[in-house]
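Each remark here refers to the structure printed beneath this line.
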Amino acid sequence: MEALRNSGLIILICFVTSVLMAQDEMGKSIIPGEIWLDETGNRINAHGGCVIFHNGLYYWYGEEKVKGLSEKEHADGGIHCYASNNLVDWHDQGMVLHLSREDTLSDLSFDCNQDRPKVVYNATTKKFVLFFKLYLRNKGTSVAYVGVAVSDSPVGPFTYSHKFLGGNSPNGTGDFAMYKDESGILYHLTVRKPDKAFVIGKMRDDYLLPDGKYEVCEGITNHTEAPAVFKREGIYHMLASGSTGWEPNPARNFTSENLAGPWIYQGNPCEGVNPYNGLGKEKTYGGQSSFIITVVGKKDAFIACFDINNPEHPYDSKYIWLPIEFNQIKMSITWLDSWDLEVFQE
Ligand code: DGJ
Numbered sequence: 002m003e004a005l006r007n008s009g010l011i012i013l014i015c016f017v018t019s020v021l022m023a024q025d026e027m028g029k030s031i032i033p034g035e036i037w038l039d040e041t042g043n044r045i046n047a048h049g050g051c052v053i054f055h056n057g058l059y060y061w062y063g064e065e066k067v068k069g070l071s072e073k074e075h076a077d078g079g080i081h082c083y084a085s086n087n088l089v090d091w092h093d094q095g096m097v098l099h100l101s102r103e104d105t106l107s108d109l110s111f112d113c114n115q116d117r118p119k120v121v122y123n124a125t126t127k128k129f130v131l132f133f134k135l136y137l138r139n140k141g142t143s144v145a146y147v148g149v150a151v152s153d154s155p156v157g158p159f160t161y162s163h164k165f166l167g168g169n170s171p172n173g174t175g176d177f178a179m180y181k182d183e184s185g186i187l188y189h190l191t192v193r194k195p196d197k198a199f200v201i202g203k204m205r206d207d208y209l210l211p212d213g214k215y216e217v218c219e220g221i222t223n224h225t226e227a228p229a230v231f232k233r234e235g236i237y238h239m240l241a242s243g244s245t246g247w248e249p250n251p252a253r254n255f256t257s258e259n260l261a262g263p264w265i266y267q268g269n270p271c272e273g274v275n276p277y278n279g280l281g282k283e284k285t286y287g288g289q290s291s292f293i294i295t296v297v298g299k300k301d302a303f304i305a306c307f308d309i310n311n312p313e314h315p316y317d318s319k320y321i322w323l324p325i326e327f328n329q330i331k332m333s334i335t336w337l338d339s340w341d342l343e344v345f346q347e
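Numbering of the sequence shown is given in the numbering used here, commencing with residue 2 and proceeding in unit increments.
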């Protein structure tokens with residue numbers, strides 16, 4: 002009887018251990034389209050964002066969406082930050098910039114629209130500079146500013162500094178990417194309003210304002226949105242979308258030897274189907290690009306990040322992160338139900 006009880010106990014211990022090990026392994030996987038939780042079990046709330054690497058840690062910045070509000074009801078609450086050492090386990094660093102519920106005269110009043118935050122570290126000024134697309138309250142969407150906030154620390158707080166109209170246009174610019182080259186020069190790549198041409202401008206050395214003129218990026222299809230840019234083996238790659246509001250459309254991919262172009266259209270890099278909504282490459286799995294993460298310490302390791310926009314319930318919007326593969330200069334992105342960083346070579 003005693004022996005039977007002992008063997009039962011051993012089987013139970015083995016079972017519990019194997020379940021815990023499996024859970025631990027599962028915890029290390031990236032599961033596109035699933036609900037993602039932070040280390041305390043709360044839903045990760047960082048949409049349209051970016052991920053930077055600084056002093057050994059990754060920082061994820063995104064739009065905080067207020068639970069219960071639709072996009073029409075001004076769901077943006079400010080910018081939320083998370084930190085991780087492995088791109089899988091995310092620790093909440095809190096809000097690094099708030100929209101104001103009290104001060105309706107502020108540029109950052111709650112009923113403005115604060116989109117697509119991108120943070121860049123300036124090694125000369127030692128400041129973290131946060132950029133976002135800004136539609137002012139009650140002013141519609143014909144004019145879009147770039148909002149700029151600054152911090153001494155990657156985890157904020159960021160102080161709102163000013164806004165500017167990009168593209169040398171009185172209507173400003175819309176979706177954008179910030180690309181920092183090897184020598185620390187920062188470029189603003191963006192869709193100009195109102196003509197929807199895709200343009201590039203150099204930023205000042207302090208990154209706070211454009212340096213001067215913008216030029217049209219030859220070869221980028223008019224009204225390309227949601228751009229994400231990275232460089233691999235001397236070639237610039239851009240992942241982007243078309244323009245259909247919050248609705249998904251096919252992804253676009255361009256390559257170039259120069260940031261200003263000529264860019265060459267390389268087609269839609271997506272393959273496979275998102276099993277949660279049945280959408281494939283024709284709708285970018287239901288997503289829209291937000292950023293490309295460069296994985297540190299691995300070769301050719303780039304992650305394409307998309308948001309599944311959900312304008313009625315933006316708090317419930319989910320994320321799609323997938324590894325990018327290359328065939329010479331052409332990228333491809335294939336849907337994976339679950340994956341981990343082992344897909345990349347050391
Ligand atoms: C498309 C943009 O890419 C999104 O970030 C958002 O601004 C929507 N348009 C709003 O319609």
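No residue lacks a Cβ here, since even glycine has one placed at the ideal position from N, Cα and C.
Model, not experiment: these values are computed from the prediction.
- Under DSSP, L70 shares a beta bridge with no residue.
- Its chain contains E258 as the residues whose beta carbon lies nearer than 8 Å to that of G235, once the 5 sequence neighbours on both sides are disregarded; these appear in chain order.
- Bounds of the beta strand (DSSP E) holding Q115 are 114 to 123.
- By the Cβ test, the segment 38 to 45 is not in contact with the segment 96 to 113, since fewer than three Cβ pairs between them sit closer than 8 Å.
- Remark: C-beta atoms of P155 and G49 do not approach each other more closely than 8 Å.
- In the three-state scheme derived from DSSP, where H, G and I count as helix and E and B as strand, L323 is classed as strand.
- In the three-state reduction of the DSSP assignment, L187 falls in the strand class.
- Two segments are said to touch when three or more pairs of C-beta atoms, one from each, lie closer than 8 Å; by this definition the segment 186 to 200 touches the segment 212 to 220.
- Note: E248 is not bridge-paired with any residue in the DSSP secondary-structure output.
- As computed with DSSP, V274 is found in no beta bridge at all.
- Taking a C-beta distance under 8 Å as the contact criterion, G288 and P249 qualify as a contact pair.
- At least one heavy atom of the ligand DGJ falls within 7 Å of the beta-carbon of G246.
- When the five nearest sequence neighbours on each side are left out, the beta carbons in the same chain lying within less than 6 Å of the beta carbon of F165 are those of V147, L210, in order along the chain.
- Going by C-alpha positions, E347 is about 43 Å away from L70.
- D196 has its Cβ no nearer than 7 Å to any heavy atom of the ligand DGJ.
- Checking the 7 Å criterion, the Cβ of R117 is within range of a heavy atom belonging to the ligand DGJ.
- Rounded to whole angstroms, the gap between the alpha carbons of L190 and F307 is 18 Å.
- In the three-state scheme derived from DSSP, where H, G and I count as helix and E and B as strand, L342 is classed as helix.
- Counting only the Cα atoms, N172 lies some 17 Å from T225.
- Closest in C-alpha terms to G262, from the list Y237, N123, F159, comes Y237.
- Contact annotation: F132 and V149 have beta-carbon atoms nearer than 8 Å.
- In terms of side-chain proximity, the C-beta atom of G49 is found nearer than 7 Å to a non-hydrogen atom of the ligand DGJ.
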